[in-house]
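Numbering (the numbering used here), first residue to last: 39 to 300. Glycine is no exception: its CB is placed at the ideal position from the N, C-alpha and C atoms.
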């Protein structure tokens, strides 16, 4: 599998969509930093934004990049016959699947890291190098890493079971849009339970538990929590990300091993 990973990394270095993702993420982080700095300087009453938020925003950009990249990256392998050639060369289906998943994760994490580099270079001089609650921030980054791994696992699953390149990209984008829409609905529903209403007054505790579970479990829900800087249940967050990774990887491998590659 190591040779497959190295071959995929070589393709990654030549990928235009990957470099486009890197440039967009870096530009987005620079834009956020500049706009927030201008707002802080023109409005003295504006609360200074800590660097934590800019780093976590970079995670969300990498998450959005994942469905587009995975659909195109794996779809190209199908359309060019690369996957079939790998099988003819004697590589196992499980190795091909896992190698693609690993490189998809590497690609989106590099997008995050390059955006984070911009935050370090520009954000330090503009806002200071102090991080708010460093231990919690470290937990957020760990959770964000697992979240990106879950995104890679989900969209590797989709792109590996859908052979057609255009259909693969479309399926990844549709699934992402549905998950993102559901996460926003869950966020509104979950937080409508809070505010000024004491938890003892909430009548439907079972429904609240289900909504919170789904908000914690879905990768897009995790992304929204990280961006907003509020993890409902940090321990569950990490566990659910791992469960997502395991379930989608096992399911994707099971389907890909039985897939008829023409």
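Residue 171 in three-state terms, based on DSSP
coil
For residue 155, is the classification buried or exposed, using 16 other Cβ atoms within 10 angstroms of its Cβ as the cut-off for buried?
exposed
With three or more beta-carbon pairs closer than 8 Å as the criterion, would you say the stretch 212-230 touches the stretch 261-275?
Taking 8 Å as the limit for Cβ pairs, the verdict is that the stretch 261-275 does touch the stretch 212-230.
Measuring CB atoms only, is the stretch 106-117 touching the stretch 193-208, in the sense that at least three cross pairs come out at less than 8 Å?
yes
Using a Cβ distance threshold of 8 Å, determine whether the stretch 129-144 contacts the stretch 285-292, with at least three qualifying pairs required.
yes
Within 9 Å (strictly less), CB to CB, does residue 265 reach chain D?
The structure shown has no chain D; it contains just one protein chain.
Counted within 10 angstroms of its Cβ, other Cβ atoms place residue 204 as buried (16 or more) or exposed
Label assigned to residue 204: exposed.
I need the straight-line Cα distance from residue 167 to residue 60, nearest angstrom please.
Answer to the nearest angstrom: the Cα atoms are 23 Å apart.
Between residue 227 and residue 249, which are expected to be in contact by the criterion C-beta below 8 Å, what is the C-beta distance as a whole number of angstroms?
5 Å
Rank 164, 130, 123, 187 by C-alpha distance to the C-alpha of residue 148 and give the top, closest one.
187
Extent of the continuous alpha helix (DSSP H) run through residue 65:
54-80
Under DSSP, the alpha helix (DSSP H) around residue 100 begins and ends at which residues?
Looking at the DSSP string, the run of the alpha helix (DSSP H) that includes residue 100 is 89-117.
Considering residue 273, what are the terminal residues of the alpha helix (DSSP H) in which it resides?
Note, residue 273: alpha helix (DSSP H), 272-296.
Between residue 90 and residue 175, how many whole angstroms is the CB-CB distance? I'm expecting something under 8 Å.
5 Å
With C-beta atoms as the reference, is residue 153 less than 9 Å away from residue 73?
The answer is no: Cβ separation not under 9 Å.
Hey, could you find the ends of the alpha helix (DSSP H) residue 222 is sitting in?
203-229
Just the Cα atoms here: how many angstroms apart are residue 238 and residue 270?
Confidence at residue 238 is low in this model, with a pLDDT of 47, below 50, so its placement is unreliable and the value that follows should be read with caution. Spanning the two alpha carbons is a distance of roughly 18 Å.
When you compare each of 43, 209, 285, 275 to residue 183 by their alpha carbons, which one comes out closest?
275
Contained alpha helix (DSSP H) runs [length at least 4] in the stretch 130-197, N- to C-terminal order
131-156, 162-165
Cα-Cα separation between residue 251 and residue 142, rounded to whole angstroms
Straight-line measurement puts the Cα of residue 142 at about 27 Å from the Cα of residue 251.
For residue 46, which of helix, strand or coil comes out of DSSP?
Annotated three-state conformation of residue 46 is helix, per DSSP.
So which of 160, 125, 48, 214 has the shortest CA-CA distance to residue 194?
214
Decide if residue 257 is buried, meaning its Cβ has at least 16 other Cβ atoms within 10 Å, or exposed.
buried
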